[in-house]
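FYI, the numbering for the sequence shown is 25 to 642, going by the numbering used here.
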Amino acid sequence: MSEHTLKVAILCFTDQGLLIAKTLQKEFYRSKVYTTRKVTANKDIHQIDTASQLMSASFNSYDAWVFVGALGICVRSIAPHIKDKTSDPAIINVDDQSKFVQSVLSGHVGKANILTKQVGRILDAQAVLSTSSDLQELWSLDTLAETYGWKAKSNTGTNEIISLFVNRKSTALILKIKDKGTSYLEKSCPDFVDIYYDLEDCSLDTYELIIYVGYEVIDCKTPIITYYAPCIAIGSGCAKDIAPSLLIEDMESALYQKGIAKESIYAIGSASIKNEEQAYLDFASRNKIPFITYTGDELNTIDVANPSEVVKKKVGVYGVSEAAAALIAGQSKWLVEKTKVLTQSGKKFTYAFSLVGVYERKASIAIIGAGSGDPELLTLKGQYILENADCILYAGSLVPEALTHMAKEGALVRNSASMTLEEQIAIIDRYYTQGKSIVRLHSGDPSIYGAIQEQMTIFDEKGYEYYIVPGISSFQAAAAYLKSEFTIPEVAQTIILTRGEGNTPMPEHEKIADMAKLRATMCIFLSVGIAKKIQKQLLEYYPEDTPLAILYRVSWPDEKVWIGTLSELTQIIKTNKLTRTVMIVVGEAIGARKNRSWLYDDKWHHIFRKKEKIAENS
Numbered sequence: 025m026s027e028h029t030l031k032v033a034i035l036c037f038t039d040q041g042l043l044i045a046k047t048l049q050k051e052f053y054r055s056k057v058y059t060t061r062k063v064t065a066n067k068d069i070h071q072i073d074t075a076s077q078l079m080s081a082s083f084n085s086y087d088a089w090v091f092v093g094a095l096g097i098c099v100r101s102i103a104p105h106i107k108d109k110t111s112d113p114a115i116i117n118v119d120d121q122s123k124f125v126q127s128v129l130s131g132h133v134g135k136a137n138i139l140t141k142q143v144g145r146i147l148d149a150q151a152v153l154s155t156s157s158d159l160q161e162l163w164s165l166d167t168l169a170e171t172y173g174w175k176a177k178s179n180t181g182t183n184e185i186i187s188l189f190v191n192r193k194s195t196a197l198i199l200k201i202k203d204k205g206t207s208y209l210e211k212s213c214p215d216f217v218d219i220y221y222d223l224e225d226c227s228l229d230t231y232e233l234i235i236y237v238g239y240e241v242i243d244c245k246t247p248i249i250t251y252y253a254p255c256i257a258i259g260s261g262c263a264k265d266i267a268p269s270l271l272i273e274d275m276e277s278a279l280y281q282k283g284i285a286k287e288s289i290y291a292i293g294s295a296s297i298k299n300e301e302q303a304y305l306d307f308a309s310r311n312k313i314p315f316i317t318y319t320g321d322e323l324n325t326i327d328v329a330n331p332s333e334v335v336k337k338k339v340g341v342y343g344v345s346e347a348a349a350a351l352i353a354g355q356s357k358w359l360v361e362k363t364k365v366l367t368q369s370g371k372k373f374t375y376a377f378s379l380v381g382v383y384e385r386k387a388s389i390a391i392i393g394a395g396s397g398d399p400e401l402l403t404l405k406g407q408y409i410l411e412n413a414d415c416i417l418y419a420g421s422l423v424p425e426a427l428t429h430m431a432k433e434g435a436l437v438r439n440s441a442s443m444t445l446e447e448q449i450a451i452i453d454r455y456y457t458q459g460k461s462i463v464r465l466h467s468g469d470p471s472i473y474g475a476i477q478e479q480m481t482i483f484d485e486k487g488y489e490y491y492i493v494p495g496i497s498s499f500q501a502a503a504a505y506l507k508s509e510f511t512i513p514e515v516a517q518t519i520i521l522t523r524g525e526g527n528t529p530m531p532e533h534e535k536i537a538d539m540a541k542l543r544a545t546m547c548i549f550l551s552v553g554i555a556k557k558i559q560k561q562l563l564e565y566y567p568e569d570t571p572l573a574i575l576y577r578v579s580w581p582d583e584k585v586w587i588g589t590l591s592e593l594t595q596i597i598k599t600n601k602l603t604r605t606v607m608i609v610v611g612e613a614i615g616a617r618k619n620r621s622w623l624y625d626d627k628w629h630h631i632f633r634k635k636e637k638i639a640e641n642s
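Here you go:
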């Protein structure tokens, strides 16, 4: 739950506490302030008689309570209303000198610990946490499921599981699937935890604790907490008016027999003629999942593993269960192919199970923006992926070689500058078929002159999974170097990223001269060789004294920058013999220090900065 959705009540008892409360109220826009001090009340600030009366009336009306005052007042006020950590609101306490912020109640489930750290940052106060996992910077096992959309089960009490973990007992972490949560666990794994990717690779009885993320039913004597991701797609076809209770019972039995936990079901699907089939509606309702149906044309887009001419004659498709499972999963692969079931009533149904494609642990290709040159401008996400990649292909002419020093031992690292596209793809093919992690490291941001579309076309044709991690572009590094905001109110509100027309033709509607009409901040890439032509085109609409910056390898150790006016563009490039890796920036925004934004004007109000009413103390 973010600060934008958290419903917060702030309770204070002194004049100094009221000042602190008002500071916090500005940070939590859905918050209310309650105080025993005499104030002019409004919809956001309320005067109360006693804290105990307020707690009796409103204890569970807020997600979080922030007490500003003595810790004893806080404890005595909440004590009669505490029930359990699954329902109690978060409680934190701030002393009225804002030196310490303490998590009091519902540290994990209620997110009091997160709130404590946040309030500590706001007030520049010391956050005080007492939960062992936070002090050791270990995972909060009781909140992982909610954080990542999993369902948790354990074969013993949660408190026992947490006790084993915080006491750093030998732990096996089994990651059967892959998602944002498992990436976090891999990245932050403690030293007493061993990671496995398949149950068969782990001897469960050699560990004191098992943590599992996936979809399998696990029966073991070792204490285990299982996190089930919504990753299983069920496809099914059935006889008309099949008894709901029988289909549900047999379907759940089939899941168990195949070793698949029903908590991991994402959705069930069938043909559109089954839209109103009560058995499917009841199954979906019982398991709180969607029921999705598909037309015959949609089902026939899938080449099923077990086509049936009988089904084709009856309903016009070669298979319902496998096709529906594949459509839901987004891939034509099945954990369990079409299986027939005869219920006690004599009516039949079929089922097929697929793993939803985005959860499959398989090869991946990351196209990463390396940034403008400074290795420290690589994103944190990019760094993590780079550090764990099995194969790295980097554009050595434009990407600092230092970035490849992050590669793990044993990774293949190749400079692609001398390679053809076909040679690069041959390497990617070899590692992809092995299920490896591959990085294609490009300069700046891949979306800007990154030459990635030709690669993505090939990846699409081959059915390869890939994704893009943005990077810091050289135009952003230029703005940082120049200490300039490229969009200044009433001066320039548009940034144009473009290049001049050299050997590679420009689209007819994207000529430099035409874009110059806007007098926007223009950042020109890949055009130093035709500087004279560029200057002539710009001068058709920009005045000669328009501010100009020419940046060579900006943010690299050998960067050089020249500041002048548009009339000096050609001379600067000629005098300094610049031939490549140069950016030209033109526009009034360069170095501008005028025209204040309305965003932070004291007369400008919005949902995050409300118009204050003058409070009167009496």
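Glycine included, each C-beta is placed from N, C-alpha and C at the ideal position.
- For the pair Ala376 and Val339, the Cα-to-Cα distance works out to about 18 Å.
- Straight-line spacing of the CA atoms in Gly393 and Lys123 works out to 42 Å.
- About 6 Å separates the beta carbons of Val380 and Ala257, which is inside the 8 Å limit, making them a contact pair.
- Beta-bridge partners of Asp218 (DSSP): Ala196.
- Cβ atoms of Arg385 and Lys202 come within 8 Å of each other, at about 4 Å.
- At the C-beta level, Ser309 and Asp327 stay beyond 8 Å of one another.
- Under DSSP, Leu521 takes part in a beta bridge, and its partners are Cys547.
- The bridge partners DSSP lists for Asn439 are Tyr418.
- Looking at Tyr251, Leu153, Asp148, the one whose alpha-carbon comes closest to that of Thr182 is Tyr251.
- Runs of the alpha helix (DSSP H) spanning 4 or more residues and lying entirely within the segment 239-302 occur at 268-281, in chain order.
- Take the alpha-carbon of Ala349 and the one of Tyr318: they are about 11 Å apart.
- If only complete runs of 3 or more residues are kept, the segment 329-412 shows the beta strand (DSSP E) at 360-366, 372-379, 388-393, in order along the chain.
- Ala291 places its beta carbon less than 8 Å from that of Pro314.
- Per DSSP, the continuous alpha helix (DSSP H) segment holding Ala81 begins and ends at 75-82.
- In the DSSP assignment, Ser508 falls outside any alpha helix (DSSP H), carrying neither H nor E.
- Residue burial annotation: Arg454 is exposed, with fewer than 16 other C-beta atoms found within 10 angstroms of its C-beta.
- Here DSSP, grouped into helix, strand and coil, assigns Met480 to helix.
- As for any alpha helix (DSSP H) of minimum length 4 sitting wholly inside the segment 157-190, the runs are 168-172, 182-190, ordered along the chain.
- Contact check for Val237 against Lys200 passes: the beta carbons are separated by less than 8 Å.
- Taking all protein chains in view, the Cβ of Asn311 is crowded by 16 or more other Cβ atoms within 10 Å, so the residue is classified as buried.
- The beta carbon of Ala65 sits closer than 6 Å to the beta carbons of Gln71 from its chain, once the five residues preceding and following it are set aside; these are given in chain order.
- In the DSSP assignment, Ala33 falls within the unbroken beta strand (DSSP E) covering 32-36.
- At the C-beta level, Ser127 and Lys109 stay beyond 8 Å of one another.
- The bridge partners DSSP lists for Arg464 are Ile391, Leu417.
- Taken atom to atom, the span from the alpha-carbon of Ile198 to that of Ser212 is near 14 Å.
- With the rule of 3 Cβ pairs closer than 8 Å, the segment 363-370 does not count as touching the segment 466-485.
- If you compare the alpha carbons of Phe83, Gly283, Gly96 with that of Ser111, the shortest gap goes to Phe83.
- In terms of Cα proximity to Ala413, the closest of Leu422, Met530, Ile558, Ala390 is Ala390.
- Beyond the five residues adjoining it in sequence on each side, Ile44 comes within less than 6 Å, by CB distance, of Val92, Ser122 in the same chain, given in chain order.
- In this structure Asn324 does not touch Glu361 by the C-beta definition: roughly 18 Å separates them, more than the 8 Å allowed.
- Sequence-distant Cβ neighbours of Gln49 in its own chain, meaning closer than 7 Å and more than five residues away, are Ile34, Ser55, Val57, Asp68.
- In this chain, Val99 is not harboured by any beta strand (DSSP E); it is covered by the alpha helix (DSSP H) spanning 95-102.
- Shortest Cα-Cα distance from Phe499 to any of Thr522, Thr171, Phe483, Met480 involves Thr522.
- Under the 8 Å Cβ criterion, the segment 596-606 does not count as touching the segment 523-532, having fewer than three qualifying pairs.
- In this structure, the straight-line span from the alpha carbon of Thr605 to that of Ile587 is close to 17 Å.
- Taken through DSSP and simplified to helix, strand or coil, Met430 comes out as helix.
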